[in-house]
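> Next up is a structure, given as structure tokens.
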């Protein structure tokens, strides 16, 4: 399990490896797949953020554009209008780490200026490569996510991860991003069309250690969990927690979730067991 210090913007950092880190999802959108419209006003978004912080989220990931399949694209101006007031308010309110979920370089730049510490790009730097330059210039942590959208995938699930993320890492390093700024996310559900493909990725997750970077898992409420459990998106908290446990055992460091409390508790049990197993406080 790769561990170490994750360097972030605004002279912050996060130690990864010893304990799982839970990232609370804050979608300021009318159309996200399981919580669209619930937190699209700044006031309700801040209430939700405070609730997730109270439940143990170390990072709040703020997004202004839905990434569900078939979602309508919005302008950069609209995205920024949704998220920047919330990021500014969170930055004023306290010590929580803030992530911005965007693929747009200018949105990332403005979000970091507003107080965000991390840039989370679901297009793996391959939609707007200048987003890597923003991370390099600001010192922001950078989550590089794998996606299979808008391209031909390799038939082997891990070979495709290594090829796509390898290209993304070349982009990031070419723009000056340091290795200790980078976390990788295999992008569960992003053009992994079947439950079997997502389960295969989960079963082989530890093979991603070959890339040499900390890993984020984003399975929360995903369709493959619904296929396995038969439950609608809003009722997949327990199924999500089960995937978090499995992926922690396979080497994931960060867990991006809608339902913070159940995942914090599940991961605390895993970490306690692992500490006993190794005879140390990991």
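Residue numbers (the numbering used here): 23 to 304. In this text, a Cβ means the ideal position worked out from N, Cα and C, and glycines have one as well.
1) Using a threshold of 8 Å, state whether the C-beta atoms of residue 275 and residue 43 are closer than that.
2) Pull up the distance between the alpha-carbon of residue 285 and that of residue 197, whole angstroms please.
3) Enumerate in chain order the residues of its own chain whose CB-to-CB distance from residue 228 is below 6 Å, with the five nearest sequence positions on each side excluded.
4) When you compare the CB positions of residue 278 and residue 118, do they come within less than 8 Å of one another, or not?
5) If we ignore side chains and look at the alpha-carbon of each, how far apart do residue 186 and residue 155 end up?
6) Just reading off the beta strand (DSSP E) that residue 27 is part of, what are its end residues?
7) Check residue 246 in the structure and name its three-state DSSP category.
8) For the segment 161 to 179 against the segment 136 to 153, do three or more pairs of beta-carbon atoms, one drawn from each stretch, fall closer than 8 Å, so that the two count as touching?
9) Assuming residue 202 and residue 29 are in contact, meaning their beta carbons sit under 8 Å apart, how far apart are those beta carbons, in whole angstroms?
10) Report the residue ranges of all beta strand (DSSP E) runs contained in full by the segment 157 to 198; include only those spanning at least 3 residues, in chain order.
11) Is DSSP giving residue 291 helix, strand or coil here?
Well, looking at it:
1) Taking the first residue of the chain shown as 1, we reach residue 275 at position 253. Taking the first residue of the chain shown as 1, we reach residue 43 at position 21. Against a cut-off of 8 Å, the Cβ pair of residue 43 and residue 275 comes out as a contact.
2) Reading the chain shown from its first residue, position 263 is the one you call residue 285. Reading the chain shown from its first residue, position 175 is the one you call residue 197. Cα to Cα, residue 285 sits roughly 35 Å from residue 197.
3) On the chain shown, position 206 is the one that residue 228 refers to. Excluding sequence neighbours, residue 228 sits near 272 and 273.
4) Along the chain shown, one-based indexing puts residue 278 at 256. Along the chain shown, one-based indexing puts residue 118 at 96. Taking 8 Å as the Cβ cut-off, residue 278 and residue 118 do not qualify as a contacting pair.
5) Residue 186 sits at position 164 when you count from the first residue of the chain shown. Residue 155 sits at position 133 when you count from the first residue of the chain shown. Using only the alpha carbons, I get a separation of about 19 Å.
6) Translated into the one-based positions of the chain shown, residue 27 becomes position 5. It spans 26 to 30 - the beta strand (DSSP E) in which residue 27 sits, taken as one unbroken run.
7) One-based indexing of the chain shown puts residue 246 at position 224. Residue state, collapsed to three classes: helix.
8) Contact holds: three or more Cβ-Cβ distances are below 8 Å.
9) Counted from its first residue, the chain shown places residue 202 at position 180. Counted from its first residue, the chain shown places residue 29 at position 7. Confirmed, Cβ separation roughly 5 Å.
10) 163 to 167
11) Numbered from its first residue, the chain shown carries residue 291 at position 269. In this structure, residue 291 counts as helix in the three-state DSSP scheme.
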